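Visitor: Pasting in a structure now, in structure tokens, and then I'll have a few things to ask.
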Amino acid sequence: MIRPARGFTLLEAIVALVIFAMGAFALYGWLSTNLITLERARVGSDALVAKQSALELLRDVNPMLDPRGEREAGALRVQWTAQLVQPAKRGSFQIGSRSGYEVGLYQVQVEVREGTREVGQFSIRQLGYRLVGRAGG
């Protein structure tokens with residue numbers, strides 16, 4: 782009685798290697814896609830933090846007095862340009878008497894840079910004001 786040979790034939794080994802290679806290529810493609818997505822998410826997160834910092838820098842900017850300008854905080858550079866949206870008019874108190882300020886609504890275009898790289902742009906509406914006289918007058 783002849784015993785069958787043990788082990789793999791060359792054809793079986795080649796088929797197994799091809800199946801393994803196809804699985805490895807698919808896994809590599811999936812991993813590459815995930816790494817690209819992760820990098821995009823990191824860049825987006827960094828941009829969001831920079832824009833929030835820029836918004837904080839602009840919080841005390843009065844667009845009526847400074848319609849365009851630039852501020853820096855570390856590597857972050859924020860530039861803005863303000864356009865009057867509604868004509869400036871004399872403010873008033875809740876009881877109806879006039880305040881000593883003239884106020885106007887401005888559309889502020891903001892550009893945010895970190896070093897030489899542009900992080901992003903956004904637009905906000907901000908109130909501008911200036912003292913024009915005494916309250917009630």
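In my numbering, the protein residues as written are 782 to 918.
Yeah, the Cβ is synthetic: ideal placement off N, Cα and C, and Gly gets one too.
Note that the structure is a prediction, hence the values are computed from the model and not measured.
When the Cβ atoms of the region 905-915 are set against those of the region 877-894, are three or more pairs found closer than 8 Å?
Guide: The region 905-915 vs the region 877-894: in contact.
Visitor: Taking the alpha carbon of LEU912 as the reference point, which residue from ILE800, GLY885 and LEU836 has its own alpha carbon closest?
Guide: That would be GLY885, whose Cα lies nearest to the Cα of LEU912.
Visitor: Alpha carbon to alpha carbon, what distance is there between SER878 and GLY825?
Guide: So the alpha carbons of these two residues sit roughly 48 Å apart.
Visitor: So if DSSP puts PHE903 in a beta bridge, which residue, or which two residues, is it bridged to?
Guide: In DSSP, PHE903 forms a bridge with VAL891.
Visitor: Take ARG871 as the anchor and find which of ARG894, TYR910 and TRP861 has the nearest alpha-carbon.
Guide: ARG871 has its Cα closest to that of TYR910, out of ARG894, TYR910 and TRP861.
Visitor: Name the residue from GLN860, ASN815, LEU816 and PHE789 whose alpha carbon lies nearest to the alpha carbon of ALA831.
Guide: Nearest option by C-alpha distance: GLN860.
Visitor: How is the alpha helix (DSSP H) around ALA794 delimited, first residue to last?
Guide: Looking at the DSSP string, the run of the alpha helix (DSSP H) that includes ALA794 is 791-839.
Visitor: If I'm right that VAL893 touches GLY881 with Cβ under 8 Å, what's the distance once you round it to whole angstroms?
Guide: 34 Å between Cβ atoms; not a contact.
Visitor: Would you tell me roughly how many angstroms separate the C-alpha atoms of TYR809 and VAL799, rounded to the nearest one?
Guide: Looking at the two C-alpha atoms, the distance is approximately 15 Å.
Visitor: Verify whether the separation of the beta carbon atoms of ALA835 and LEU857 is less than 8 Å.
Guide: The answer is yes: Cβ separation under 8 Å.
Visitor: According to DSSP, what are the bridge partners of SER873?
Guide: BP columns for SER873 point to ARG879.
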